[in-house]
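Each residue of the sequence shown is one higher than the last, beginning at 137 in the working numbering.
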Amino acid sequence: EEMQWMETGDTLKKFSKDWGLNAVAQPSHHEVIAEFVPVTANIDSQWTWDTITEASKLPRNSIVAARWIRKPEQRKPGQKVAHAVFAFADMRHANAAIRQGMVIDHKLVSVRREEKDPQRCMKCQQYGHIARECKSTTDICGRCDRAHPTQTCSAGPENFYCAVCKVKGHVAADRACPTLLRRIRERQQRDPTKGFRYFVTEDESTWD
């Protein structure tokens, strides 16, 4: 069976060596975001995946998982489209989806590489761990930095205060948060393939 360039044993070992003695490189799925997908699509179904790959001229069984970014029960009344994450076993097939888009429920949708944000705790709002691992005994609000759960906060924009930056004017989840942007830059410095439009392979067209 043909192996992916970045996931061959020799390549993984080389990258692990380059990253450091404690680094362990493992094969993984390659996730993309499909934008404005009709909510009528049953993306949990293997039949749907087969229909998508056939309509999108992608190899059969190339999609191995899918999920809505926001849970269906959280949608607004009358909402017709939503973003979804699709996972591919082969990065070349993921790149093909990014390059040409995907046909989902008879609609051609745009596809982009999934770039996960640095991990931030929804309990204490600090980076580096998640809520179930948090050692804090107090919930910190992501909107006003006070000691209560974010979902109970009634603070308006004039009272926004970032619990991460300790700066007034934005919330902890703000995409323009200086701390978030700094951590994204640091991650890109550690892994030069981050920030590329495609998953980087031996194909030079994926290098920009």
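Ideal Cβ placement from N, Cα and C applies to all residues, glycine included.
Quantities reported herein were computed from a predicted structural model and do not represent experimental measurements.
Close-in-space but distant-in-sequence residues of the same chain around residue i (CB under 7 Å, 5 per side omitted)
i       : result
Tyr-334 : Asn-231, Ile-234, Arg-249 and Thr-342
Cys-289 : Cys-277, Arg-279 and Cys-280
Val-217 : Phe-172, Val-173, Pro-174 and Val-175
Reduced DSSP category for residue i - H, G, I as helix; E, B as strand; rest coil
i       : result
Arg-321 : helix
Leu-244 : strand
Glu-294 : helix
Ala-159 : Note that Ala-159 scores a pLDDT of 44, beneath 50, so its modelled location is shaky; the value from the coordinates is reported in the next line. DSSP places Ala-159 in coil when its eight states are reduced to three.
Cys-280 : coil
Arg-268 : helix
Arg-249 : strand
Ile-179 : coil
Trp-413 : Residue 413 is absent from the model: the chain starts at 137 and stops at 344.
Arg-333 : coil
Leu-194 : coil
Bridge partners - residue i, DSSP secondary structure assignment
i       : result
Ala-308 : DSSP lists no partner for Ala-308.
Val-173 : Ala-218
Glu-167 : Ala-223
Trp-204 : Ala-220
Val-239 : Leu-244
Arg-256 : Tyr-263
Leu-234 : A quick correction: the sequence has Ile, not Leu, at residue 234. Ile-234 pairs with nothing; no bridge assigned.
Leu-199 : Inspection of the sequence shows that residue 199 is occupied by Ile rather than by Leu. Per DSSP, Phe-224.
Buried versus exposed, by CB contacts within 10 Å (16 or more), residue i
i       : result
Trp-185 : buried
Lys-259 : buried
Ile-205 : exposed
Asp-281 : buried
Gly-305 : exposed
Ala-267 : exposed
Ala-177 : buried
Arg-228 : buried
Other residues of its chain near residue i: CB distance less than 8 Å, five sequence neighbours each side excluded
i       : result
Val-300 : Arg-256, Gln-261, Gln-262, Tyr-263, Ala-308, Cys-313, Thr-315 and Leu-316
Val-303 : Tyr-297 and Pro-314
Same chain, Cβ closer than 6 Å to residue i, five either side skipped, listed in chain order
i       : result
Glu-167 : Val-221, Ala-223 and Glu-250
Pro-254 : Tyr-263 and Arg-319
Ile-179 : Ala-202 and Ala-220
Asn-158 : Note that Asn-158 scores 45 on pLDDT, short of 50, meaning its location in the model is unreliable and no value can be drawn from it.
* Asked: Is there contact here, the stretch 187 to 194 with the stretch 272 to 283, by at least three beta-carbon pairs under 8 Å?
  -> no
* **Three-pair Cβ contact test at 8 Å for the stretch 196 to 215 versus the stretch 239 to 254** => no
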